[in-house]
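In what follows, a structure is listed as structure tokens, so that the remarks can point back to it.
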Amino acid sequence: MTFSPELESLFEQFLNKYPAGQKRSAMIPMLIYGQDEVGSITDELVEEVAKRVGVTALQVNEVVGFYSMLHRKPMGKYHVQVCTNISCLLVGGMELYDQACKKLGIGHKQVTADGRVSLEEVECIGACSWAPAMQVNYDFYHDVTPQQLDKLLDGLTAGKQPEQIADVSRVNS
Amino acid sequence: MLYNEPHPLEVKVLSRRFGLPNSASIETYLETEGYKALEKAVGMTPDEIIGEVKASGLRGRGGAGFPTGLKWSFVPKTSPKPKFIMVNADESEPGTCKDRLLIEYDPHQLIEGVLIAGLAVGAQQGYVYIRGEYRYLIAIMDKAIREAYERGYLGDNILGKGIKFHLSTHSGAGAYECGEESALLESFEGKRGNPRIRPPFPAVAGAYKSPTVLNNVETFCAVPPILLNGGAYFAGLGSPKNGGTRLFCLSGHINNPGVFELPMGFNLMRMINEVGGGMKNGRKLKAVIPGGSSCPVLKADECDLAMDFDTLAAAKSMLGSGGVVVMDDQTCMVSAALRIMRFYAHESCGWCIPCREGTTWLRKLLQRFHDGMGRRSDIVLIGDLAKNMLGRTFCPLGDAAALPTISIVEKFEEEFEAHLDGKPCPYENASRLVTA
């Protein structure tokens, strides 16, 4: 399996971070960064990670099933993750999630027909004091209002990149 | 900007650099006494360092509140295996969002705390386990680590004194359970995040079965100020046996949510009304989760208390991870209990049956109540089921799911009764606070 030079270089760093004989520690970082490039945890990716860290594919597969950010099927180009845990729930997180479901016509861990946007109801993402909060891929959005969510989803489904959507500010990028 | 405008009641020790320009850079850090505590620690014996941390009254900021100096003292002095320092930056306790700020705005303070821990226990290698969702913080942390290597604060000849310490980040991939120390170590080793049976504790057999100091981000960040100003100074900031300050994360129905650094023992009602700006929309306080969703809730009339580990324990709750979730009189406590239980049922790793089955059945029972199909006998059953989970699991996740549930069903029984006989949820149409 071939990866981009950037990912190869990251894998190289990961495999050298841990003490001699402990390459297996690189497995989860390799899986999540590998997924970012490949699009999902494919059988090929599992085989490749297994080979490089020196375990069987079965040992990688049993790990993949444990972690909620690792997906066997590709998510959308923009993976919208709305938090509905307690701090967000109290200030409208569930309503935002319902709004996103209706607007996109999809549910939890589903992808729009064109593959652009996917949706996930997520557990606490560590933005409780800036609730309701969400992430698109790895970027945080804080104090999200229904109007902002509408604009964001309109923009994403129309083919815009998140940074091109006015009045909806990401907290980090 | 994530950090709030400083509040006059704050005592900014760990967060003192948050507002500075380029606060995450090594230049800013060095201009503001950065790495001075390390220089001081280099001149001390390991026992002296641990003694200072013990004197500070610092207790683990991840939730359990175990005395940090004592934890470090459990690491064997001599070991045929290398020792490790592990930073728990897997911040995932609902209500908690403070470690994000400490890494984003002052990553060098964390590196310096880790280095001092390394000197105290004789470790030469450390890792920062950062939750996968905090990808941007991995970049910030990696940059700070590179700067520290370039300036000789990490590497094989630290401060030109031949001291060796290496530090790396490590990404998680989404699992609340990995915030529990033994599950974190399993995950770090490239396995499912199931907890380990203890003893042995990580201090004796942690990463790769080697002696390991594992602490929360905020705990390590408290170490440089302690070494620099003395354990007695830090202890004096807090309440008895509860040294220092704490980053409290205020969320929920208040006017001024945010992360505020306040002395340990700060009064909860003042936290809500003065620091948090009081209840939103002039509503009345109903309940508070004082330290993240694992903690038993406090009713409004129980909230006039000092926020430290011992006072909260005496009130049959916990100080936990510093996540203060404030709920007003329009909050449906059945919904709150249900949402919290949905979380624990999702996050239970499935290793221990009382937790795996208990959380799932409680989620079903609470969902049935919320859907208007609850039975009177279920009120007792919810409490019984939760109590039977207590103390019967490898890790505290079972207790974390059971304790808030028991508190809600006991303290707000009337709300469960109000959902009986197909009656609609009394709060169904309560407006959430999303504003235009």
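Residue numbers (the working numbering), protein chains in the order written: chain A, 521 to 693; chain B, -10 to 425.
For every residue, glycine included, the Cβ atom is placed at its ideal position computed from N, Cα and C.
First and last residue of the uninterrupted alpha helix (DSSP H) at residue i
i, result
"residue 358/B", "342 to 359"
"residue 35/B", "35 to 45"
"residue 91/B", "88 to 94"
"residue 31/B", "25 to 31"
"residue 547/A", "547 to 558"
"residue 676/A", "666 to 677"
"residue 328/B", "322 to 336"
"residue 158/B", "No alpha helix (DSSP H) holds residue 158/B; the beta strand (DSSP E) holding it covers 152 to 160."
"residue 617/A", "613 to 624"
"residue 569/A", "563 to 573"
Residue i and residue j closer than 8 angstroms at C-beta
i, j, result
"residue 239/B", "residue 247/B", "yes"
"residue 268/B", "residue 299/B", "no"
"residue 322/B", "residue 352/B", "no"
"residue 400/B", "residue 288/B", "yes"
"residue 64/B", "residue 164/B", "no"
"residue 392/B", "residue 228/B", "no"
"residue 431/B", "residue 548/A", "What the structure shows of chain B is the stretch from -10 to 425, and residue 431/B is not part of that stretch, so it cannot be assessed."
"residue 169/B", "residue 384/B", "yes"
"residue 178/B", "residue 197/B", "yes"
"residue 200/B", "residue 68/B", "yes"
"residue 413/B", "residue 377/B", "no"
"residue 4/B", "residue 236/B", "yes"
"residue 610/A", "residue 335/B", "no"
Short CB-CB distance (under 8 angstroms) between residue i and chain B
i, result
"residue 630/A", "no"
"residue 554/A", "no"
"residue 581/A", "no"
"residue 587/A", "yes"
"residue 547/A", "yes"
"residue 610/A", "yes"
"residue 560/A", "no"
"residue 636/A", "no"
"residue 524/A", "no"
"residue 607/A", "yes"
"residue 645/A", "yes"
"residue 571/A", "no"
"residue 577/A", "no"
Start-to-end residues for the beta strand (DSSP E) that takes in residue i
i, result
"residue 220/B", "Here residue 220/B belongs to no beta strand (DSSP E); instead the alpha helix (DSSP H) covers 220 to 226."
"residue 659/A", "659 to 661"
"residue 364/B", "No beta strand (DSSP E) contains residue 364/B, which DSSP labels as neither H nor E."
"residue 276/B", "274 to 278"
"residue 655/A", "654 to 656"
"residue 75/B", "73 to 78"
"residue 632/A", "Element bounds for residue 632/A: n/a, residue is neither H nor E."
"residue 201/B", "201 to 205"
"residue 248/B", "247 to 252"
Where residue i falls, given that 16 or more other Cβ within 10 Å makes a residue buried
i, result
"residue 427/B", "Outside the shown range of chain B (-10 to 425) lies residue 427/B, about which nothing can therefore be said."
"residue 676/A", "buried"
"residue 425/B", "With a pLDDT of 33 at residue 425/B, under the threshold of 50, the modelled position of this residue cannot be trusted; read the value that follows with caution. Looking at its Cβ environment, which holds fewer than 16 other Cβ atoms inside 10 Å, residue 425/B is exposed."
"residue 204/B", "buried"
"residue 693/A", "Residue placement at residue 693/A is poorly supported in this model, since its pLDDT is 41, which falls under 50; the coordinates still yield a value, given next. With fewer than 16 other Cβ atoms within 10 Å, it is exposed."
"residue 627/A", "exposed"
"residue 59/B", "exposed"
"residue 72/B", "buried"
"residue 540/A", "exposed"
CB contact below 8 angstroms: residue i versus chain A
i, result
"residue 298/B", "no"
"residue 132/B", "no"
"residue 28/B", "no"
"residue 422/B", "At residue 422/B, the pLDDT of 45 sits below 50, so the modelled position is not reliable; the number obtained from the coordinates is stated separately. Yes, residue 422/B counts as interfacial toward chain A."
"residue 336/B", "yes"
"residue 425/B", "Any reading at residue 425/B needs caution, since the residue's pLDDT is 33, under 50, leaving its predicted position unreliable; the model's value is listed next. Chain A contact via Cβ: present."
"residue 266/B", "no"
"residue 239/B", "yes"
"residue 382/B", "no"
"residue 81/B", "yes"
"residue 253/B", "no"
"residue 195/B", "no"
"residue 443/B", "Outside the displayed span of chain B (-10 to 425) sits residue 443/B, for which this structure offers no information."
**Contact between the stretch 103 to 114 of chain B and the stretch 629 to 641 of chain A (3+ Cβ pairs under 8 angstroms)** = no
**Request:** Pair every Cβ in the stretch 153 to 161 of chain B with every Cβ in the stretch 113 to 120 of chain B, then say whether three or more of these pairs are closer than 8 angstroms.
**Result:** yes
**Prompt:** Quick check: the stretch 176 to 191 of chain B against the stretch 211 to 218 of chain B, are there 3 or more CB pairs under 8 angstroms?
**Reply:** no
**Request:** Decide yes or no for the touch test of the stretch 540 to 556 of chain A against the stretch 579 to 597 of chain A: beta carbon pairs closer than 8 angstroms, at least 3 of them.
**Result:** yes
**Request:** Tell me, please, whether the stretch 23 to 32 of chain B touches the stretch 270 to 279 of chain B by the rule of three or more beta-carbon pairs shorter than 8 angstroms.
**Result:** no
**Asked** Quick one: any contact between the stretch 218 to 232 of chain B and the stretch 250 to 264 of chain B, if contact means 3 or more CB pairs under 8 angstroms?
**Response** yes
**Message:** Tell me whether the stretch 292 to 310 of chain B and the stretch 347 to 362 of chain B touch, counting them as touching only if at least three CB pairs, one residue from each stretch, are closer than 8 angstroms.
**Reply:** no
**Asked** Just checking, does the stretch 135 to 154 of chain B make contact with the stretch 7 to 24 of chain B on the three C-beta pairs under 8 angstroms criterion?
**Response** yes
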